[in-house]
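Below is one structure; the comments refer to it alone.
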Amino acid sequence: MAVLHLSFGELSFYCCRAAFGAGLSWGLAEDVAVAAVWLARQGRDPAPLLAAALVSLTDGAAEPSVKHEQSEIGTVLMADGKKPLSALVSGPSAADWWQVMKQDPAARLGVRNVDVPGWVIACIAARTGDGSTGTRPSDGPGDVVMSADGSGTRPSGETAHADHVTVDPDAWAIVQRHFRLSLVPSTDASRSAGAGAGLVDTD
Amino acid sequence: MTAAAETTRPAVPLRPADEVMRLSRMGASFPTRLSFMRSLLRRMHRENWWFEQRRFDLDAQGFGTVVLTAHTPERAYSLVVFSHDLPPEKRTDRVIAEAWDATFSLYDGIPSDADIARLADNTPKQEAGRFTPRELVLGRANRSLRLFSHVTERLAAGQQPDIETLARVGYLMRTTAVYGSGKFGCGDRALIADRPELQGAFQVEMLAVWLFRWFTVHLIEHLAQVRGGDSAVPLAPEVRGFLGVGNATGLGMAPFLGRHPQLVHAWVTARETALARVRSLPEAMAETRAAFLRLLVRARQHVGEWQVDDPQQMVRIAGVQQDLTRLSEAAPGLLDEAAPWERIWQFGQARLGVEAQELLLSLLLEPHGALVDDLAERMHVSEHLALDPGMRLSELHRLIRTQQCWVDALPLDGPEADARFWYYSEEKLEPRLGHRHAEPGGMLEMPLAFARDIRSLVADLAQADAADDTIVAAFLLRHPQHRHTVRRVQSIAGLDYAEVRDNLVADGVRPIDLLRFKLAFFGASKFDPKSDLWTRITLFQGAPQPDELADADPDGWAFAVRPANVI
Chain S
11 MAVLHLSFGE LSFYCCRAAF GAGLSWGLAE DVAVAAVWLA RQGRDPAPLL AAALVSLTDG
71 AAEPSVKHEQ SEIGTVLMAD GKKPLSALVS GPSAADWWQV MKQDPAARLG VRNVDVPGWV
131 IACIAARTGD GSTGTRPSDG PGDVVMSADG SGTRPSGETA HADHVTVDPD AWAIVQRHFR
191 LSLVPSTDAS RSAGAGAGLV DTD
Chain F
754 MTAAAETTRP AVPLRPADEV MRLSRMGASF PTRLSFMRSL LRRMHRENWW FEQRRFDLDA
814 QGFGTVVLTA HTPERAYSLV VFSHDLPPEK RTDRVIAEAW DATFSLYDGI PSDADIARLA
874 DNTPKQEAGR FTPRELVLGR ANRSLRLFSH VTERLAAGQQ PDIETLARVG YLMRTTAVYG
934 SGKFGCGDRA LIADRPELQG AFQVEMLAVW LFRWFTVHLI EHLAQVRGGD SAVPLAPEVR
994 GFLGVGNATG LGMAPFLGRH PQLVHAWVTA RETALARVRS LPEAMAETRA AFLRLLVRAR
1054 QHVGEWQVDD PQQMVRIAGV QQDLTRLSEA APGLLDEAAP WERIWQFGQA RLGVEAQELL
1114 LSLLLEPHGA LVDDLAERMH VSEHLALDPG MRLSELHRLI RTQQCWVDAL PLDGPEADAR
1174 FWYYSEEKLE PRLGHRHAEP GGMLEMPLAF ARDIRSLVAD LAQADAADDT IVAAFLLRHP
1234 QHRHTVRRVQ SIAGLDYAEV RDNLVADGVR PIDLLRFKLA FFGASKFDPK SDLWTRITLF
1294 QGAPQPDELA DADPDGWAFA VRPANVI
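Chains S and F, in that order, give the protein sequences. This note's numbering puts the first residue of the first sequence at 11, with every later residue one more than the last. This note's numbering puts the first residue of the second sequence at 754, with every later residue one more than the last.
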């Protein structure tokens, strides 16, 4: 498959609608787009992480609802069930909580057993700017820990591209598959009632 | 800002959003001197941009490649146009079209032969092509069959086109889509956002369309020359100026307005501030007064020449004509009174219809360039819709009660209130407006039902707030469906003009009201509604062509009127 370069605007458009096509609310889908563009601006292809998270959610391998608890280690987000927590659902919430908590020097946020930890970290970083160097999280399900003292999981920083991102074609095909779920099938009736002159215009 | 503007703080308040942001008034908008194509021409003239035809490879049928370049003080931008043979059965203005008479890309710089060859492989494919960050705009256009042959034949025979025929259409070709901002791999808006020559809204898109208008003149004169040989004549200067470029606009513009509330606020604030500045002037200078009265005469002629097929719009046009007659009779006397511009405005409020009132707004701004033109620079903002997750629910609730209370006045119950839904069709992503209770796909609607969504949010907030004044982050864990609406409410706090204060999914909603609102900010004229869903318009009618700009008045083309018969 050919190498595919995308503008950031294009990336945002497709990722937002792919997330919506996967069943997320518009608000969560908008946060997916923000995280994707943030990764791209760091020079990272967001497609593999996003594709994994989309498949996990739509295949039912991940829990789509998040529970919030206060424990002795701090604030914890976890699945409201036994399966790993969807990163697409929990990432924006984790960013919300970290944005609120981060001024506290003792703040500590955990996201437990999330399906694609890297996506959660991207969501947090895109919102708060926290962490541009450090250890890249594992590819499989795992925990994300944010700590105001600087320890915990952090996204890795890489060289940024100024004007585009190159995406993995296979992963991008998965994003596109979910994007198409956001479109309404065309019917003869909707086609003929669309905005514009008749299907042949002699004016 | 000019010294005059700095010292002129509006004494009268800006019009309230409850008046300005209703569809009925938005759908009566007119272009003003702050419109984007007007500010582009002023800047190009001020900065001495110059223009050249760098390539002209058209065959005897007018098919081939043309490159037209605009040189700014620091950079160049080139419109690369491909002119095609379009079979009649493939001619349609719809988004779902797959072939066009002409396709074009605006290239950032001067394209090499290799760039042009690359674009030749992609630009004609439009949405199916792939582009690079060097391309800033992508578009296509079809010939006006009503006018194109007529003008070609007349010029080939050594005659100018019939002015009546010309005026009925107003353009040789009409664009059917103009894409910018990163579409299909093109350069993102962020790449050019800091360039001084493109400050303002939609400037690069306007530049592409203006250069394309120049192409249509080159094309028709070329075809006339091929057919007529020595007998052929070029277009007379006044005819060249009168020819605009057409545009067919459908539903795609409406979602844009929904996605960019901060930008919409900036546009309307600039226009309303300009109006307030003019209304606040204590007196009318003799020169300004004369310019206003001259323009009023021209506007009457312009409206008189505005002919459309739509009976509803023709009734409205007739009403504007009557209103302008009334205004013309009253204006000289009103201008002798104290606070004359306010007197004229109040006369309009009391005696004119909505469409004439909006036209009066445009007329009032026109002779006051020194007072208002600085506002055009404020019509682009760096948008950021940000969630504040730490906000208490009581505060969010207060924000809605104080700033989005217009929702309470709308009828939002019953099937009529959510009868329609906006969506992207799988067919070339064509935006469409469905009937929710009769068609599938309502679950996939775009988020344009802000009024309905606010009400739903308020209902859940009322329960949550009463139980526990927690923060937004906790509320959204339980109610992720409100995330979009909460972010929007927070992001437009204090921005009165950010929202259309109507229900965009109600039965009877007229998308063309939204289209006209946006197109007027572009500078479009001669709105020609073809249904509730789409309209044709004319762009740049009366404006100087690129090779005329240096010696022209860049603001002398408001309310263009047809030239007297030209031999």
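We treat Cβ as the ideally placed atom computed from N, Cα and C, and that holds for glycine.
Rounded C-alpha distance that separates residue i from residue j
{"i": "residue 68 of chain S", "j": "residue 32 of chain S", "result": "6 Å"}
{"i": "residue 1220 of chain F", "j": "residue 1158 of chain F", "result": "23 Å"}
{"i": "residue 52 of chain S", "j": "residue 42 of chain S", "result": "16 Å"}
{"i": "residue 800 of chain F", "j": "residue 1041 of chain F", "result": "25 Å"}
{"i": "residue 1037 of chain F", "j": "residue 764 of chain F", "result": "16 Å"}
{"i": "residue 101 of chain S", "j": "residue 60 of chain S", "result": "12 Å"}
{"i": "residue 24 of chain S", "j": "residue 991 of chain F", "result": "46 Å"}
{"i": "residue 17 of chain S", "j": "residue 858 of chain F", "result": "16 Å"}
{"i": "residue 1178 of chain F", "j": "residue 116 of chain S", "result": "50 Å"}
{"i": "residue 1261 of chain F", "j": "residue 1248 of chain F", "result": "27 Å"}
{"i": "residue 804 of chain F", "j": "residue 821 of chain F", "result": "7 Å"}
{"i": "residue 142 of chain S", "j": "residue 193 of chain S", "result": "Here residue 142 of chain S scores only 40 on pLDDT, less than 50, and its place in the model should not be relied on; the value that follows carries that caveat. Approximately 36 Å, taken between the alpha carbons."}
{"i": "residue 1141 of chain F", "j": "residue 972 of chain F", "result": "54 Å"}
{"i": "residue 195 of chain S", "j": "residue 1194 of chain F", "result": "8 Å"}
{"i": "residue 1052 of chain F", "j": "residue 913 of chain F", "result": "25 Å"}
{"i": "residue 137 of chain S", "j": "residue 54 of chain S", "result": "17 Å"}
is_contact[residue i, chain S] using C-beta, thresh 7 Å
{"i": "residue 1226 of chain F", "result": "yes"}
{"i": "residue 1185 of chain F", "result": "yes"}
{"i": "residue 1243 of chain F", "result": "no"}
{"i": "residue 1035 of chain F", "result": "no"}
{"i": "residue 944 of chain F", "result": "yes"}
{"i": "residue 1197 of chain F", "result": "yes"}
{"i": "residue 941 of chain F", "result": "yes"}
{"i": "residue 760 of chain F", "result": "Residue placement at residue 760 of chain F is poorly supported in this model, since its pLDDT is 46, which falls under 50; the coordinates still yield a value, given next. Output row for residue 760 of chain F: interface = no."}
{"i": "residue 923 of chain F", "result": "no"}
{"i": "residue 935 of chain F", "result": "yes"}
{"i": "residue 1194 of chain F", "result": "yes"}
{"i": "residue 780 of chain F", "result": "no"}
{"i": "residue 882 of chain F", "result": "no"}
{"i": "residue 1142 of chain F", "result": "yes"}
{"i": "residue 1282 of chain F", "result": "no"}
{"i": "residue 1064 of chain F", "result": "no"}
{"i": "residue 1158 of chain F", "result": "no"}
{"i": "residue 1086 of chain F", "result": "no"}
{"i": "residue 1200 of chain F", "result": "yes"}
{"i": "residue 997 of chain F", "result": "no"}
{"i": "residue 914 of chain F", "result": "no"}
Interface flag, residue i vs chain F, CB-CB below 7 Å
{"i": "residue 109 of chain S", "result": "yes"}
{"i": "residue 95 of chain S", "result": "no"}
{"i": "residue 101 of chain S", "result": "no"}
Could you name the residues of the region 183-196 of chain S whose beta carbon sits closer than 9 Å to any beta carbon of chain F, in the order they occur along the chain? 190, 191, 192, 193, 194, 195, 196
| message | Quick test of the definition: if touching needs 3 or more C-beta pairs under 8 Å, does the region 1114-1133 of chain F touch the region 1024-1031 of chain F? | response | yes
I want to know whether the region 825-836 of chain F touches the region 790-809 of chain F - three or more CB-CB distances under 8 Å. yes
For a minimum of 4 consecutive residues, which ranges assigned as the alpha helix (DSSP H) are wholly contained in the region 1252-1285 of chain F? 1264-1275
| Which parts of the region 1018-1098 of chain F are runs of the beta strand (DSSP E), unbroken and 3 residues or longer, counting only runs that do not cross its ends? | none
Would you list, in sequence order, the uninterrupted alpha helix (DSSP H) runs of no fewer than 4 residues that lie entirely inside the region 1130-1188 of chain F? 1146-1156
*For the region 15-36 of chain S, which residues have a beta carbon sitting closer than 7 Å to at least one beta carbon of chain F?*
15, 16, 17, 18, 19, 20, 35, 36
Notebook entry, point to check: What are the start and end residues of each continuous alpha helix (DSSP H) run of 4 or more residues lying completely inside the region 764-814 of chain F, in chain order?
Noted result: 770-773, 776-779, 789-799
>> Please identify, using Cβ separations under 8 Å, the residues of the region 1206-1240 of chain F that lie next to chain S, in order along the chain.
In response: 1224, 1225, 1226, 1227, 1229, 1230, 1233, 1234, 1235, 1236, 1237, 1238, 1239, 1240
* Asked: If you scan the region 1190-1256 of chain F from start to end, which runs of the alpha helix (DSSP H) of 4 or more residues do you find wholly inside it?
  -> 1203-1220, 1225-1231, 1236-1244
- Message: Can you confirm whether the region 998-1013 of chain F touches the region 1279-1287 of chain F when touching is taken to mean that 3 or more C-beta pairs between the two stretches lie within less than 8 Å?
- Response: yes
For this session: Using a Cβ-Cβ cut-off of less than 8 Å, give me the residues of the region 52-76 of chain S that come near chain F, in sequence order.
Result: 76
Whether or not the region 1069-1088 of chain F and the region 1098-1116 of chain F are in contact is what I'm after, with contact meaning three or more pairs of Cβ atoms, one per stretch, closer than 8 Å; do they touch? yes
What residues in the region 1167-1181 of chain F have a beta carbon less than 7 Å from any beta carbon of chain S?
-> 1176, 1177, 1178, 1179, 1180
Any chance you could list the alpha helix (DSSP H) runs of at least 4 consecutive residues sitting entirely within the region 35-103 of chain S, in chain order?
-> 36-51, 57-68
Exercise. Taking three-plus beta-carbon pairs below 8 Å as touching, is the region 1251-1269 of chain F in contact with the region 1165-1178 of chain F?
Worked result: yes
(Q) Check whether the region 958-968 of chain F and the region 863-880 of chain F touch, using three or more Cβ-Cβ pairs below 8 Å as the test. (A) no
Please go through the region 938-991 of chain F and give each complete alpha helix (DSSP H) segment of 4 or more residues, from N-terminal end onward.
-> 942-945, 956-981
Against chain S, which members of the region 888-904 of chain F pass a CB distance test of less than 8 Å?
895, 897, 898, 899
- Message: Across the region 895-913 of chain F and the region 972-984 of chain F, are there enough close Cβ pairs to call them in contact, namely three or more that are closer than 8 Å?
- Response: yes
For the region 839-850 of chain F, which residues have a beta carbon sitting closer than 9 Å to at least one beta carbon of chain S? 841, 842, 843, 844, 845, 846, 847, 848, 849, 850
- Task: Tell me the start and end of each unbroken beta strand (DSSP E) in the region 824-892 of chain F that is at least 3 residues and wholly inside, in chain order.
- Result: 829-836, 855-861
- Compile a chain-ordered list of the residues in the region 1045-1072 of chain F whose CB is closer than 8 Å to at least one CB of chain S. none
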